[in-house]
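Numbering (this note's numbering), first residue to last: 77 to 387.
For reference, the structure discussed in these notes is given below.
As structure tokens, this is what we get:
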């Protein structure tokens, strides 16, 4: 960022509140400080809620704010998402068309850098979530906002909207977000694909939809596990892994009593041992054959090789 500001200047101003609290552009501001710029151009964004203004002020002053409820965090996250998206859009336009008035590098101007911006919506959501909750995870906040939109959507059936309100109330009282969200989305899907006679039909269909969704999820997990196990079974391990395995087994027969094994081992377990023994012998024969081929390392003992070389 410092190199970019040296080269093209600050093409995009940082975004602040009317009270001077930083909204977007922390990296730009830190780079300007590192270059010892005394002033930078700013974009003053008004119209913020009191709650968001307070949150930004507490962040700037490095003070601890009271814990936010999930619904409070979701609303602040949504508001910040708008601001972050606005900032990203201004930077995109600035990098497309360049600055109009800045003529020298190192002078404050209009955008973060001359390079293209990356990250897209996922990056904007991550940044907004971090600013509100201190964590990069935004999925839960997005789920709450989705339920609020469903609850307020007059085009949806009353049963679906009531369920969304019920789940939001449960979240206010400490219930986890994802199970409620899954129930609401299942109800929305059911209502969109059927014409239930009354609200109780919706509830029954939702339960069936949830059971089907859980069964589908369990099936996908099982299939993915089988794929991973199959891939692992077909993956060849390294020579070092082979050496370590046989180093561990060196001297293993000294640790067991043949007579005790003969008395106590089960028939199927002894058959397994013999099968592994046969596999080991077949593998050893294959390696010996490969080592005897042209270009393979000399498989003879080192003492024999040294004796022949001294002749």
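All residues carry an ideal CB built from backbone N, CA and C; glycine is no exception.
Taking 8 Å as the threshold (C-beta atoms), are residue j and residue i in contact?
{"i": "residue 147", "j": "residue 220", "result": "yes"}
{"i": "residue 205", "j": "residue 211", "result": "yes"}
{"i": "residue 223", "j": "residue 266", "result": "no"}
{"i": "residue 251", "j": "residue 286", "result": "no"}
{"i": "residue 200", "j": "residue 165", "result": "no"}
{"i": "residue 214", "j": "residue 257", "result": "no"}
{"i": "residue 217", "j": "residue 149", "result": "yes"}
{"i": "residue 237", "j": "residue 145", "result": "no"}
{"i": "residue 232", "j": "residue 264", "result": "yes"}
Just curious, the alpha helix (DSSP H) that residue i is in, first and last residue?
{"i": "residue 331", "result": "No alpha helix (DSSP H) contains residue 331, which DSSP labels as neither H nor E."}
{"i": "residue 313", "result": "Here residue 313 belongs to no alpha helix (DSSP H), and DSSP marks it neither H nor E."}
{"i": "residue 256", "result": "253-269"}
{"i": "residue 115", "result": "No alpha helix (DSSP H) holds residue 115; DSSP gives it neither H nor E."}
{"i": "residue 246", "result": "234-248"}
Return helix, strand or coil for residue i, following the three-state DSSP convention.
{"i": "residue 220", "result": "helix"}
{"i": "residue 341", "result": "coil"}
{"i": "residue 180", "result": "Only weak support is given to the placement of residue 180: the predicted model assigns it a pLDDT of 36, under 50, and the value that follows is read from those uncertain coordinates. Note: residue 180 maps to coil in three-state DSSP."}
{"i": "residue 367", "result": "helix"}
{"i": "residue 231", "result": "coil"}
{"i": "residue 212", "result": "coil"}
{"i": "residue 147", "result": "helix"}
{"i": "residue 190", "result": "Here residue 190 scores only 31 on pLDDT, less than 50, and its place in the model should not be relied on; the value that follows carries that caveat. Three-state result, residue 190: coil."}
Compute the Euclidean distance between the alpha carbons of residue i and residue j, then round it to the nearest angstrom.
{"i": "residue 156", "j": "residue 209", "result": "12 Å"}
{"i": "residue 302", "j": "residue 295", "result": "11 Å"}
{"i": "residue 334", "j": "residue 327", "result": "14 Å"}
{"i": "residue 269", "j": "residue 168", "result": "40 Å"}
{"i": "residue 241", "j": "residue 228", "result": "9 Å"}
{"i": "residue 92", "j": "residue 151", "result": "19 Å"}
{"i": "residue 329", "j": "residue 310", "result": "29 Å"}
{"i": "residue 297", "j": "residue 308", "result": "16 Å"}
{"i": "residue 332", "j": "residue 341", "result": "12 Å"}
{"i": "residue 346", "j": "residue 356", "result": "15 Å"}
{"i": "residue 367", "j": "residue 319", "result": "16 Å"}
{"i": "residue 255", "j": "residue 280", "result": "17 Å"}
{"i": "residue 234", "j": "residue 283", "result": "17 Å"}
{"i": "residue 353", "j": "residue 365", "result": "18 Å"}
{"i": "residue 317", "j": "residue 349", "result": "21 Å"}
{"i": "residue 288", "j": "residue 304", "result": "24 Å"}
{"i": "residue 291", "j": "residue 246", "result": "25 Å"}
{"i": "residue 313", "j": "residue 344", "result": "28 Å"}
{"i": "residue 207", "j": "residue 299", "result": "38 Å"}
{"i": "residue 293", "j": "residue 253", "result": "18 Å"}
{"i": "residue 339", "j": "residue 351", "result": "20 Å"}
{"i": "residue 361", "j": "residue 202", "result": "57 Å"}
{"i": "residue 315", "j": "residue 337", "result": "32 Å"}
{"i": "residue 419", "j": "residue 110", "result": "The shown model of the chain, from 77 to 387, leaves out residue 419, and the question about it has no answer."}
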